[in-house]
Each structure stands twice: as C-alpha cells, then as structure tokens.
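Novice:
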Amino acid sequence: MGATEETQLAEILKQSVIKGDVKATEQTVNKLLAMGTGARKIFELLSAGVLHVGEQLSNKEAFLPELVVTIDAFKKGLALIEPKLKSEPKEGKPLRIIIGTVEGDIHNIGKNLVKTMLEVSGHDVFDLGVDIPADVFAAKAQEHDADIVGMSALVSPGLMSLRKTVEKVRQVRGDRTHFIIGGYATSPALAEELKIMYAKDAIDAVNKIHEFINKGGA
Ligand code: B12
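For the sequence shown, counting from 1, position 33 maps to 36 in the numbering used here; every step adds exactly one.
#1: Who are Thr104's beta bridge partners in DSSP?
#2: Below 8 Å, how does it come out for the segment 107 to 123 and the segment 154 to 171: are there three or more Cβ pairs, yes or no?
#3: Whose C-alpha, out of Thr180, Glu170 and Lys22, is nearest the C-alpha of Ala144?
#4: Just the C-alpha distance for Leu54 and Arg173, rounded to the nearest angstrom, thanks.
#5: Report all residues from its chain with a CB closer than 8 Å to the CB of Leu98; omit the five preceding and five following residues, and keep chain order.
#6: Are there 16 or more other CB atoms within 10 angstroms of the CB of Ala42, so buried, or fewer, so exposed?
#7: Have a look at Phe66 and Ala141 and give me their C-alpha separation to the nearest angstrom.
#8: Where does the unbroken alpha helix (DSSP H) through Asp213 begin, and where does it stop?
#9: DSSP puts Tyr201 in a beta bridge; with which residues?
#10: With Leu16 as the anchor, note down where its alpha helix (DSSP H) starts and where it stops.
#11: Smallest Cα separation from Ser164: which of Asp178, Thr189 and Arg176?
#12: Around the C-beta of Gly52, are 16 or more other C-beta atoms found within 10 angstroms, so that it is buried, or is it exposed?
#13: Assuming Glu106 and Pro136 form a contact by the criterion Cβ under 8 Å, report the distance between their Cβ atoms to the nearest whole angstrom.
#14: Is DSSP giving Leu36 helix, strand or coil here?
#15: In the DSSP assignment, find the unbroken beta strand (DSSP E) run with Ile234 in it and report its ends.
#16: Starting from Thr189, trace the alpha helix (DSSP H) in both directions and tell me its first and last residue.
#17: Answer with buried or exposed for Ile100, where buried requires no fewer than 16 other C-beta atoms within 10 angstroms of its C-beta.
Structure, rendered in structure tokens:
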C-alpha cells in the first residue's frame, strides 16, 4: 500500500464526513488505521470535513441539517481513533485548561473540536459551555487553578465579552493564567494586541499550547 492509496483514502474520508456518510467514514478510518496512518492525521481529515461544511453553511451552499449529519459522521470516526489518540505519547506536560464560548455567543461546534483535541493530547479540560460571562470564566479559572483559559468567539459582539474576560481573569489570576482564542470573530491581530495566543483550528491549538509549554510558560 503506497502513499497514493493513502492520499486517495484521505480524500475519501474527508468527502465521507462532508456527506455525513457514517458507514463510509468508519470503513475509511479503519482502512487508514490498518495501513498505519497516525490518529492525529486522521483527526485532521475528519475535522477538515466539518470545517468544509461550516464554510459551505457560511456561503449558503449547505444548511444546518447537513452540518448535523456531518458532525455525526465526525463523531463516529473520532470514536474509532480516540483510544489511539489517548495512548499516543504526550507532548509536554498536561495543563489545566478552561474552555468556553464567550457571553452573547452560542456557537459550540469549533469549541467542542478544540476541547476534544486538547483532551486527547492529555490536558485536563473543563468545558464551561456557551454564552459564558467574564465573571464565570474568572471564578472557574480560580477554582481549577487554570493554566490556560480558552475562548471561542464567532460573533463580533462577543469580542466585548472576550476582552472583559481577559481583564477579569487577569484581575483574579495575575499572570498565573494565560489565554488562547479562536473562532470566526477572532484574529491573530487581536491576540497580539491582548498579548495572548490565537489558534486557527484544533490542531493549531494543540501546537500553540505545546510551544507555550516549551517556552516555559507553565
Ligand atoms: C454553524 C453556524 C451557526 C449555528 C451554530 C450551531 C452550533 N451549535 O454551534 C447556528 C445556526 C445556531 C448559528 C447561529 C447564529 N449565527 Co452562526 N454560523 C455558523 C457557521 C456557518 C459555521 C460555524 C461552525 O460551526 N464552523 C465549523 C467549525 C468546526 O469551525 P470553527 O467554528 O471555525 O472552529 C474552528 C476554529 O475557528 C477554531 N476555534 C473555534 N473556537 C475556538 C476556541 C479556542 C479556544 C481555540 C484555540 C480555537 C477555536 O478551531 C475550530 C476547530 O478547528 C458560521 C460561519 C463561519 N465561517 O464560522 C456562522 C457565523 C459564525 N454565524 C453568524 C451569525 C451572525 C449567527 C447568528 C447571530 C445568526 C442569527 N441572525 O440568528 C446566530 C448566533 C446567535 C448567537 N448569539 O450566538 C456569523 C457571525 C458574523 C459576525 N461577524 O458576527 C457567521 C460568521 C456567518 C456569517 N458569515 O455571517 N450559526
């Protein structure tokens, strides 16, 4: 089995998730696992399918029911690789991470992907859910002695709440807690302004946190 077959299977997997075809997704994940493809790579392909439908929805080329079946296929595929993801050697030391969607925002699909990826990378993740006020982020960061607060923000009005959360958490935690943000309304420029981390997707989030640990951040 060569690289060409792996490339073909990778494309088939992405398309199966996009179509929400659970059977094809499961079969292709199993084939890729059998040929030795890494669980992380498979996670990337499954996520790419979800992101694609997210974009289609944004451009009105797809509708919510399509995203629902896509997420179902994603979850079934994820279930097959989860044991392997969890048993893969962990990079760096585990951190305590609080994650949530900011106040005024109810989007949770991307946040949930990030949560899953951080968990399978060995971190202790506390998911607060959606529409989370700054005070709650701050109280939970204190309760769990959080190393990192992760915020998802997809709607622009949520950015006010994101800024407020950074301020409140810093009031309570000083520099013991750091931040990582992501989602449509966020940007690398905003992260730079607030002196926090930004991740464009779930894999990037794991990588950014890994870099942070390596720099002696926590
Ligand atoms: C699906 C969707 C919905 C679904 C949400 C379902 C759910 N359970 O989440 C529904 C239909 C409910 C919805 C509602 C609304 N939506 Co909407 N929605 C979307 C859409 C099409 C896709 C989002 C998605 O799930 N993508 C798939 C996931 C996998 O990708 P992702 O979210 O980008 O996440 C990845 C990265 O961004 C990153 N990431 C995300 N979060 C985090 C967090 C951390 C800590 C890190 C490190 C990384 C990270 O990693 C993720 C995984 O790789 C986006 C368009 C878009 N381009 O984002 C609009 C979009 C976000 N929605 C929008 C709007 C306006 C709304 C509504 C206000 C619509 C309305 N008029 O009612 C309401 C929101 C109400 C509210 N107060 O929140 C706008 C926001 C525009 C703006 N600038 O404010 C968008 C951009 C659409 C558009 N082009 O106009 N929406």
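Ideal Cβ placement from N, Cα and C applies to all residues, glycine included.
Specialist: Taking the coordinates as given:
#1: Start at 1 with the first residue of the sequence shown, and residue 104 comes out as number 101. Looking at the DSSP assignment, Thr104 forms a beta bridge with Ser155.
#2: yes
#3: As a working note, residue 144 is residue 141 in the sequence shown. It is Thr180.
#4: By one-based count along the sequence shown, residue 54 stands at place 51. By one-based count along the sequence shown, residue 173 stands at place 170. Distance between the alpha carbons of Leu54 and Arg173 is about 32 Å.
#5: Within the sequence shown, the letter at position 95 stands for residue 98. Cβ within range, chain order: His126, Asp127, Asp150, Ile151, Ile212, Ile216 and Ala221.
#6: Along the sequence shown, read from residue 1 onward, the residue named residue 42 stands at position 39. Answer is buried; the Cβ neighbour count reaches 16.
#7: Position 63 of the sequence shown, counted from the start, is the residue given in the question as residue 66. Position 138 of the sequence shown, counted from the start, is the residue given in the question as residue 141. Computed Cα separation, rounded: 36 Å.
#8: As a working mapping, residue 213 is identified with position 210 in the sequence shown. For clarity, residue 213 is His in the given sequence; the question names Asp instead. His213 -> alpha helix (DSSP H) spans Ala205 to Asn217.
#9: Counting from one through the sequence shown, the residue named residue 201 turns up at place 198. Answer is Ile184, bridged to Tyr201.
#10: The residue labelled residue 16 in the question sits at position 13 within the sequence shown. Here the alpha helix (DSSP H) through Leu16 covers Ala6 to Lys22.
#11: Along the sequence shown, one-based indexing puts residue 164 at 161. The shortest C-alpha separation from Ser164 is found at Thr189.
#12: On the sequence shown, position 49 is the one that residue 52 refers to. That one is buried.
#13: Counting from one through the sequence shown, the residue named residue 106 turns up at place 103. Counting from one through the sequence shown, the residue named residue 136 turns up at place 133. Indeed they touch by this definition, with Cβ atoms about 5 Å apart.
#14: For the purposes of this step, residue 36 is identified with residue 33 of the sequence shown, where counting begins at 1. Of the three classes helix, strand and coil, the one that applies to Leu36 here is helix, per DSSP.
#15: Any question about residue 234 goes unanswered here, given that the chain covers just 4 to 221.
#16: As a first step, residue 189 is located in the sequence shown; it is residue number 186 there, counting from the start. It is not in any alpha helix (DSSP H) - Thr189 carries neither H nor E in the DSSP assignment.
#17: If you number the sequence shown from 1, residue 100 lands on position 97. With 16 or more other Cβ atoms within 10 Å, it is buried.
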